[in-house]
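These notes concern the structure reproduced below.
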Amino acid sequence: MPDPFQPAGDPKTELGRYRILSSTAGVRVSPLCLGAMSIGDAWAGFMGSMDKEKSFALLDAFFEAGGNFIDTSNNYQNEQSEAWIGEWMAARKIRDQIVIATKFTTAYRAHELGQAQAVNYSGNHRKSLHLSSQDSLKKLQTDYIDLLYVHWYVLQQGRGRQL
């Protein structure tokens, strides 16, 4: 059993040399954040993909090397990215060791409902934030999100607009 009063020692790789994400948050993250846009296979013809086995192998390798910071979004791979990351964390019981960043704003349910019916599932309004956060928590199989931010928001002629 490791002595809890001894320094942690050197990490296996430089990925395990954590940095403070924000001076006000105090969260410690790996120096590289794993972008999870390709975790899933729903966008195979559009932007690349990985099946679940390869996705889990990538996540395992990242974590075993010391990586603890993963970036995803409510819409990546038609929601598979968040769902598979959630399944991976739950299977390994490591949610508390991972820092999850995810996003909202894009029409993440359009693949299922159609663009016209997904109108309240996109944008930077309160309902979109609520629906997206609620759904992300379910997909990620967690009760908290470490970092939530707006996806694709630009200022245009003095007014905020979704791309």
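Just so it is clear: in the sequence shown, position 27 is 1142 by my numbering, and no numbers are missing.
Ideal Cβ positions, reconstructed from N, Cα and C, are used throughout, including at glycine.
Every value quoted in this text rests on a predicted model; they were computed, and no experiment measured them.
Where M1152 falls: helix, strand or coil (DSSP): Here M1152 sits in coil by DSSP.
I need the straight-line Cα distance from P1146 to G1181, nearest angstrom please. About 10 Å.
Pick from W1203, S1247 and R1241: whose alpha carbon is nearest that of F1171? The option with the nearest alpha carbon to F1171 is W1203.
For the 8 Å Cβ check, are there 3 or more pairs between the segment 1220–1239 and the segment 1161–1170? In this structure the segment 1220–1239 does not touch the segment 1161–1170; the number of beta carbon pairs closer than 8 Å is below three.
Strictly by DSSP, which residues pair up with K1218? According to DSSP, K1218 bridges with Y1264.
Are the segment 1241–1256 and the segment 1192–1202 in contact at 8 Å, needing three or more beta carbon pairs? With a cut-off of 8 Å on Cβ pairs, the segment 1241–1256 is in contact with the segment 1192–1202, counting three or more such pairs.
Three-state class that DSSP yields for M1204 in the structure shown: Assignment of M1204 by DSSP, reduced to helix, strand and coil, places it in the helix class.
Same chain, Cβ closer than 8 Å to A1205, five either side skipped, listed in chain order: Closer than 8 Å at the Cβ level, and outside the excluded window around A1205, lie Q1256.
Given this structure, state the Cα-to-Cα distance separating L1244 from F1219, to the nearest angstrom. Roughly 7 Å between the two C-alpha positions.
Using 10 angstroms around the beta-carbon of M1165, count the other beta-carbons present and answer buried if the total reaches 16, otherwise exposed. Taking all protein chains in view, the Cβ of M1165 is crowded by 16 or more other Cβ atoms within 10 Å, so the residue is classified as buried.
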